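Peer 1: Start counting the sequence shown at 1; every next residue gets the next number (this note's numbering).
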Amino acid sequence: ETKTHLRRVGAVDIRTNTLSQFDLVIFPGGSGSKQAAALGSDGRQLVKKFIEDGGGYVGICAGAYLAASNYEWSLGISNHKTFCKTINLPEIGPKSMWYRGPSAPVKMELTEEGKAILGSIKGPFEVRYHNGPIMSFMGKDELGPFRNLATFRSEVSKYKPQQGTMVNSPAIIAGEFGEGRVLCISPHPESDSKLYKLLQNAARWVAD
1 ETKTHLRRVG AVDIRTNTLS QFDLVIFPGG SGSKQAAALG SDGRQLVKKF
51 IEDGGGYVGI CAGAYLAASN YEWSLGISNH KTFCKTINLP EIGPKSMWYR
101 GPSAPVKMEL TEEGKAILGS IKGPFEVRYH NGPIMSFMGK DELGPFRNLA
151 TFRSEVSKYK PQQGTMVNSP AIIAGEFGEG RVLCISPHPE SDSKLYKLLQ
201 NAARWVAD
C-alpha cells in the first residue's frame, strides 16, 4: 500500500497556508463553531481554496458541522444543513436540537455506494454517536447534491421534537467542491478499531 504521512496541524498552520503541502485535511470531533472561530475568516477561506483546488476534506462530527452550508461560520463546502434549530419546549424552555445527550451507541448501515467507497460491511453495525449533525439536503444552487454513503438505523434523542429525525437520515455523505472531494461523518467510527479501515478508505477517496 502507498505510505501515508500524517501531521497534526492547527489553526495557525492553516492560516500560513500549510495545507498546500498535503493531499487532504481531517477535521475531527469537538465543536464546529470553535474550529471555525479558531481558523478565523482568513483560515476558513484557505481551507475552502484548498478543497476547491483539488484537496480532500474529511469531517467527523464537529468537522461535519464545519463543512455544512447553514451557519454563518460554516465553510459551505457540502450541500447539507443540520437539524439545529432552537425550540421553546413546554415546562423546559428554549433548547437547541443539536444536543441529544451523552455519547451512545447507534446502528448505522452503508449504502451500496458507501460500500463501494468505504468497504463492504454487511448489515447495520454499531458505531459511537455523540451529538453529530443530523444532515439533510441544503439545496445550494452552486453545489451539487451530496451522495448518501451510510444511513442511521437507530437513534438517540433527548427532547420530543428530535424523535424520528435521526433514524433513516444520512450518517455519512460525500460530494465535490470545486476540484476537491468532501466526506462528512456524523458519528465516531474512529472510536472502534474495527472501523479504522472505513476511515482509511474515506481518506483515500477524498485524496484520490
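Where a beta carbon is used, it is the ideal one built from N, C-alpha and C, also for glycine.
The structure displayed is predicted, hence computed values, not measured ones.
(1) Does DSSP put A36 in a helix, a strand or coil?
(2) Can you tell me where the beta strand (DSSP E) with Y65 in it begins and where it stops?
(3) Using the Cα positions of G56 and P102, report the straight-line distance between them to the nearest angstrom.
(4) Quick check on this structure: which residue in S41, G10, Q45 has the alpha carbon closest to the alpha carbon of P28?
(5) By the three-class DSSP mapping on this structure, what secondary structure does L118 have?
(6) Would the region 86 to 100 and the region 175 to 185 be scored as touching if the rule is three or more Cβ pairs under 8 Å?
(7) Quick one: Cα of Y129 to Cα of A203, how far?
(8) Kindly provide the ranges of any beta strand (DSSP E) runs that are 3 or more residues long and lie completely inside the region 90 to 161, ordered along the chain.
(9) Under the DSSP definition of a beta bridge, which residues are partnered with K81?
(10) Given a threshold of 16 other Cβ atoms within 10 Å of its Cβ, counted over all protein chains shown, does N79 qualify as buried or as exposed?
(11) With C184 and A64 assumed to form a contact (beta carbons below 8 Å), what rounded beta-carbon distance in angstroms separates them?
(12) If contacts are defined as beta-carbon pairs under 8 Å, then P133 and S186 qualify, I think. What distance do you get, rounded to the angstrom?
(13) For A68, which of G54, C84, D53 has the nearest alpha-carbon?
Peer 2: If we stick to the structure as given:
(1) Three-state result, A36: helix.
(2) Segment 62 to 67 is the alpha helix (DSSP H) holding Y65; no beta strand (DSSP E) there.
(3) If you take the alpha carbons of G56 and P102, they lie about 30 Å apart.
(4) Ranking the options by Cα distance to P28, first place goes to G10.
(5) The answer is helix: DSSP assigns L118 an H, G or I state.
(6) Because the criterion of three Cβ pairs below 8 Å is not met, the region 86 to 100 and the region 175 to 185 do not touch.
(7) Y129 and A203: Cα-Cα distance of roughly 20 Å.
(8) With a minimum length of 3 residues, the continuous beta strand (DSSP E) runs that stay inside the region 90 to 161 are 93 to 96, 104 to 110, 125 to 129, 135 to 137, 147 to 152.
(9) DSSP output for K81 lists S136 as bridge partner(s).
(10) The Cβ neighbour count for N79, taken over all protein chains shown within 10 Å, is at least 16; the residue is labelled buried.
(11) The distance from the Cβ of C184 to that of A64 is about 4 Å, consistent with a contact at the 8 Å cut-off.
(12) Yes, P133 and S186 are in contact; Cβ-Cβ is about 5 Å, under 8 Å.
(13) It is C84 whose Cα lies nearest to the Cα of A68.
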